[in-house]
Amino acid sequence: MLMKQMKSLYHGHRFPAAVISHAVRWYFRCHLSLRDIEELLFERGVVVSYETVRRWCDIPHRVKAVRRKPGRTWHLDEMFMSLRGEPYLLWRAVDEHGAESDILLQKRSDKAAARRFFQRVLRASPVPRKMVTDQLRSYPAAKADIPRTGERQACVRQGCGPGEQPGRE
1 MLMKQMKSLY
11 HGHRFPAAVI
21 SHAVRWYFRC
31 HLSLRDIEEL
41 LFERGVVVSY
51 ETVRRWCDIP
61 HRVKAVRRKP
71 GRTWHLDEMF
81 MSLRGEPYLL
91 WRAVDEHGAE
101 SDILLQKRSD
111 KAAARRFFQR
121 VLRASPVPRK
131 MVTDQLRSYP
141 AAKADIPRTG
151 ERQACVRQGC
161 GPGEQPGRE
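Numbering-wise (my numbering), the sequence shown opens with residue 1 and increments by one.
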C-alpha cells in the first residue's frame with residue numbers, strides 16, 4: 001500500500017518547511033524565547049520577526065483541532081533501541097493512511113507496557129476495526145482488555161505495511 005503524499009504542515013508559507021519546523025522545535029523542545037529564536041535564525045541568514053515565529057508556533061495547535069479522523073485499521077509495531085547505553089522499546093501505532101497515531105518509549109515489553117500503550121492511543125482515537133501486529137507475546141493479553149466493537153479482528157503482519165515505514169525525524 002502506497003502512502004499518499006500529504007502536503008506539508010507549512011505549505012504556502014514564505015519560508016521553507018525546514019526553517020519553520022526548526023523554529024517551532026526550538027520553541028517547544030529547548031524552551032527558548034521568541035526573540036532568542038529570532039536571533040538564532042538571523043545568525044543563520046533568515047530574517048524574520050519574533051511575531052512571525054509566534055504565529056508559526058500556533059500552527060500545530062490549529063492543525064490538531066482539524067486533523068483528519070484516524071483510519072479504522074491500525075498497524076502496531078515495536079522496535080528496540082538504545083539510548084545512553086540503555087535498552088528501550090519504541091511502540092508505534094500507524095493507521096491505514098500512514099499517519100502515526102502515537103509513539104511511546106518504554107523500558108519494558110510486558111503486558112502492562114502494551115496495555116499502557118493501547119490506553120494511550122485509544123484516548124485520542126476510536127477503537128479500530130482491525131489491528132495488524134507482529135507476534136509479540138504481550139499484544140494478545142493487552143488486546144483482551146480493549147472493548148470489542150463491530151467486526152474488529154486481530155491478524156499477524158504479513159509483510160511491510162505502514163508500521164514498517166521510517167518514523168519522524
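Don't be surprised by glycine CBs; every beta carbon is placed ideally from N, CA and C.
For the pair of segments examined, the region 84-91 was found not to touch the region 130-144: the number of CB pairs separated by less than 8 angstroms stays below three. Sequence-distant partners of V121 (beyond 5 residues in either direction) whose C-beta falls short of 7 angstroms from its own C-beta, in its chain, are A93, S101, D102.
Taking 8 angstroms as the cut-off, the beta carbon of R44 is found no closer than this to the beta carbon of P128. The residues A17, I20, in chain order, have a CB closer than 6 angstroms to that of Y10 in the same chain once the five nearest residues on each side in sequence are set aside. With respect to the 8 angstroms criterion, P70 and A99 are classified as neighbours on the basis of their beta carbons. Measuring C-alpha to C-alpha distances from C57 to each of F42, E38, H75 identifies E38 as the nearest. Counted as a single uninterrupted DSSP element, the stretch harbouring H13 is not any beta strand (DSSP E), since DSSP gives it neither H nor E.
For D77, the enclosing beta strand (DSSP E) covers residues 73-83. For L105, the closest of G12, S82, L34, E96 by C-alpha to C-alpha distance is S82. Straight-line measurement puts the Cα of V46 at about 14 angstroms from the Cα of L34. For V132, the uninterrupted beta strand (DSSP E) segment begins and ends at 130-133. The alpha-carbon separation between A124 and Y27 amounts to approximately 24 angstroms.
Within the DSSP secondary-structure output, I103 pairs in a beta bridge with R92. The beta-carbon distance between L136 and E78, rounded to whole angstroms, is 6 angstroms. This is short enough to meet the 8 angstroms contact definition. Rounded to the nearest angstrom, the Cβ distance from D95 to S138 is 21 angstroms, too far for a contact under 8 angstroms. Assigned with DSSP and collapsed to three states, P87 falls in strand.
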